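Only one structure is covered here, and it is reproduced in the block below.
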Amino acid sequence: MNSPLPRWVDVALLPLLNVIIAFLIGGLIVLSVGQNPLRAVQVMLFGAFGYGTGFGYTLYYTTDFIFAGLAVSLAMHAGLFNIGAEGQAYVAGLGVILIALALNGLHWTLMFPLMIIAGALFGAGWAYIPGYLQAKRGSHIVITTILFNFIATSMMSFIIARFLKPPTVASDESAPIEMVSRVLKLNTFIPYFKTAPVNVTVFLAIGGLFAFYWLIWRTKFGYAVRALGHNQAAANYAGISNQKMIMLVMALSGAIVAMIAVNNVGGVHGRLIMNYVNGAGFVGIAVAFMGKGHPIGVGLSALLFGVLYQGGSELAFSMPGITREMIVTIQALVILFTGAMGDMLRTPLARLFSAATPSGGAR
Amino acid sequence: MDLIDIVNILAQTVRLATPLILACLAGLYSERAGIVDIGLEGKLLASAFTAATVAALTGSPWLALLAGIGGALLFSGVHGLASINFKGNQTISGVALNFLAAGLTTYLGTSWFKRGGFTPQLSADQRFGPLQLPFAAELRNVPIIGPIYSGLISGYSLITYFAILAVPITAWVLFRTRFGLRLRAVGENPKAIDTAGISVTLLRYQALIITAVLVGIGGAYLSIAAGAGFIPNMAAGRGYIALAALIFAKWKPWPALLVCLMFGFLDAVQLRLQGIKFPYIGEIPVQAIQVLPYILTVILLAGFIGRAVAPKAAGLPYTKER
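The listed protein sequences correspond, in order, to chains A and S. Mapped onto my numbering, the consecutive letters of the first sequence carry residue numbers 1 to 363. Mapped onto my numbering, the consecutive letters of the second sequence carry residue numbers 1 to 322.
Here it is in structure tokens:
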């Protein structure tokens, strides 16, 4: 067997190298269509950090990606691969808009917790079904969650077009939530953010990172989740009901990703727009793998993707050859190299370290 | 509804089932060899793109077909590298490749052709058009046999005939040849294959190559036979449906054909029902019809088909003892 790597190599160096490879290949692709990747990075960084509005947008995207990343991470710890975050967030938008329109005009401090609860219930409900099907009927969770994304898209576009769309509005969206009921934007008390959409939900996301750590590594429930992820048979032997845990974990995963709906439907857009999730749920997969399911990693990778998204839309303006799809490509490369090929460099690194250690001892 | 209508719907069924059949058989080879392939969707998309691109540049459908296979081979190669050599998680690799195909095809398409991800419209001689079998035109007016022969048996693209033919060939290869026996064995018990002195790695790569060829032809069908050019995300979930069909068919070629035809039929009926008003119900909403195949798949997967048992070693990387 290989000699085990030092912990810092395993936790930090290996993922970092994998991300670097993903970005180098992304750079080569940009280069291959005749664009300068270095200038692209420069434009991107300025767009993401250089001025108030840009930075505010970065934080807004990061908020979404933290929720999605945590949701996928939770399922991952239980050995479940939740590809349905996209659809779960979309359906959660229905819960948020229903409660918001029912109590339209309520002050946002009261509305905010109500939207969190309503969104979480809808998101959890939508995620529970594939969880149930996996636990009780043995259907493969990956395929059912994918199918549920398609079903969510059709169902929601029907509901929006048929029931929620006011006759006076031309585009496919619900009636607006009144300003006083929307989640407070940070620019109301921090003028630096100017017109950026970042709102109070960002604190919920940061709090979520801490809560996630506590939940997974400091509670009985977290222990059961990890036990299930490591070895189903052993977990069962230890008295953990696998079926119940699978359903519970999926529902909780859906409840976490539902906060994307609070951020967007309840805050930024102030209405339910067709296909509003726009891929954020899928980014969560990349974020979870890159962050190795740990809150620190998830937070940092969510920020990285926030930079990519905000910087990327800036890029689309100043370098017409680069579109949003380049970001999807990079996202795919990150999943590939940190998720599927994560151990590619392990053997060469192990060789390197075992070669370095004895020579250091001889000196 | 008369005979012509029925023939039309059934012919449409076969057309819509063609890419499903090819993708499903492709997945069959891969999964029988122990490699789970969620990436069928991405391969369909990638090969549709490479085929349409080459067809637009060279004008030759045959070169385009080769390019489609090439595109799928490239993705299969990465999948093999990740799941055979680096012993990575095959599901994750497949998901990543699906995203990669979605991003890369649109990105490259937009920067090369400047049409928002669409490739240039292909003319009839750049595509695999419908073939007329001998006497199809002459027999058209003969009652009963005429419409069936000229409408249901003749008139498909070459790729459709190939897809149908691929089913008995697959059944024969899988159950009647030495290669097929080894292929099935490597998916059930790779260690036994290794002990017999046969390379697990080589066998699995061979399976991936066959997978790529079949799914590559399926992808090419989308853009240079059924369609006339590449449209972003034109695979539209067919890779996943094919995968579900494979599970439903319990990894067997003939049932796979039937299940794919059934999904094709649903799709054909779906297209037909749009805009028709029913008594009492009124017009069925488009979304309700579109979502039908997915809901049906979920129901089928939920085990109303008896237990589907996957090849035992599917999804597990093989590590040779040292």
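Even glycine gets a Cβ: it sits at the ideal position worked out from N, Cα and C. Keep in mind it's a predicted model, so treat the numbers as computed, not measured.
Asked                                                                                                                                                                   : Found
Ends of the alpha helix (DSSP H) at S:Lys320?                                                                                                                           : First-last for S:Lys320: undefined, no H or E at that position.
What does A:His107 touch in chain S if you count any residue whose Cβ is under 9 angstroms from its own?                                                                : Going along chain S, no residue has its Cβ under 9 angstroms from A:His107, so there is no contact; the nearest lies around 36 angstroms.
Out of A:Gly270, A:Thr62 and A:Phe46, point me to the one whose CA is closest to A:Met203's CA.                                                                         : In the sequence as presented, Met is not what sits at residue 203 of chain A; that position holds Phe. It is A:Thr62 whose Cα lies nearest to the Cα of A:Phe203.
From this set, S:Gly315, S:Ile209 and S:Ala236, which residue's C-alpha is nearest S:Pro293's C-alpha?                                                                  : S:Ala236
Quick check on A:Asn242: does DSSP put it in helix, strand or coil?                                                                                                     : helix
Is A:Ala288 near A:Gly87, with beta carbons less than 7 angstroms apart?                                                                                                : no
Give a yes or no on whether 7 angstroms exceeds the smallest Cβ distance from S:Thr110 to chain A.                                                                      : yes
Between S:Pro255 and A:Phe23, what straight-line distance do the alpha-carbon atoms span, to the nearest angstrom?                                                      : 43 angstroms
Beta-carbon within less than 6 angstroms of A:Ala78's beta-carbon, same chain only, minus the 5 sequence neighbours each way: which residues are those?                 : Val225, Leu228, Gly229 and Val249
Sort A:Gly54, A:Leu31 and A:Ile29 by Cα distance to A:Lys379 and report the nearest one.                                                                                : Any question about residue 379 of chain A goes unanswered here, given that chain A covers just 1 to 363.
Going by other Cβ atoms of all chains shown within 10 Å of its Cβ, with 16 needed for buried, is A:Tyr309 buried or exposed?                                            : buried
Taking the alpha carbon of A:Leu147 as the reference point, which residue from A:Pro167, A:Trp126 and A:Ile160 has its own alpha carbon closest?                        : A:Trp126
For S:Lys87, return the contacting residues in chain A, with the cut-off set at a CB-CB distance below 9 angstroms.                                                     : Asp343
Using alpha carbons as the reference points, say which of A:Ala12, A:Gln134 and A:Leu5 lies closest to A:His294.                                                        : A:Ala12
Could you pull out every residue in the same chain whose Cβ sits closer than 8 angstroms to the Cβ of A:Tyr128, ignoring the five residues on either side in sequence?  : Met247, Met250, Ala251 and Gly254
Counting pairs of Cβ atoms below 8 angstroms between the region 136-143 of chain A and the region 153-172 of chain A, do you hit three or more?                         : no
Pick from S:Leu296, S:Phe49 and S:Gln206: whose alpha carbon is nearest that of S:Phe179?                                                                               : S:Gln206
Taking C-alpha atoms, which residue in S:Leu266, S:Leu108, S:Val186 and S:Ala166 lies nearest to S:Ala11?                                                               : S:Leu266
Whose C-alpha, out of A:Ile322, A:Ala286, A:Ala118 and A:Gly222, is nearest the C-alpha of A:Phe305?                                                                    : A:Ala286
Which partner residues of A:Ile273 appear in the DSSP bridge assignment?                                                                                                : A:Glu173
Here's the rule I'm using: 16 or more other beta-carbon atoms within 10 Å means buried, otherwise exposed. How should A:Met179 be labelled?                             : exposed
Could you round the C-beta distance between A:Ala302 and A:Ala92 to whole angstroms and report it? I think they count as a contact, below 8 angstroms.                  : Not quite, the Cβ-Cβ distance comes to about 18 angstroms (not below 8 angstroms), so this is no contact.
On the three-state DSSP scale, how would you describe A:Asn263?                                                                                                         : helix
Taking only beta-carbon atoms, is A:Leu315 less than 7 angstroms away from chain S?                                                                                     : no
If you measure from the beta carbon of S:Leu246 to each beta carbon in chain A, is any gap under 7 angstroms?                                                           : no
What's the gap between the Cα of A:Asn36 and the Cα of S:Val298?                                                                                                        : 46 angstroms
Taking 8 angstroms as the threshold, find out whether the region 55-68 of chain S comes into contact with the region 224-231 of chain S through three or more Cβ pairs. : yes
For S:Ile84, which option in S:Ile148, S:Val36, S:Pro232 and S:Leu20 has the closest C-alpha, if you only look at C-alpha atoms?                                        : S:Val36
Does any residue of chain A bring its CB to less than 7 angstroms from the CB of S:Ser60?                                                                               : no
Verify the CB distance criterion: does S:Phe118 have a CB-CB separation below 7 angstroms to chain A?                                                                   : no
Whole angstroms are fine: how far does the CA of A:Phe81 sit from the CA of A:Tyr223?                                                                                   : 18 angstroms
So with CB distances below 8 angstroms, who are the chain S contacts of A:Gln331?                                                                                       : Phe99 and Gly103
Using a Cβ-Cβ distance under 7 angstroms, would A:Phe163 count as near chain S?                                                                                         : no
Taking Cβ-Cβ distances below 8 angstroms as the criterion, which residues of the region 288-318 of chain S are in contact with chain A?                                 : Ala288, Gln290, Val291, Tyr294, Ile295, Thr297, Val298, Leu301, Ala302, Gly303 and Arg307
Determine the closest residue to S:Thr110 out of S:Ala23, S:Ala136, S:Ile169 and S:Ile231, with distance taken between C-alpha atoms.                                   : S:Ile231
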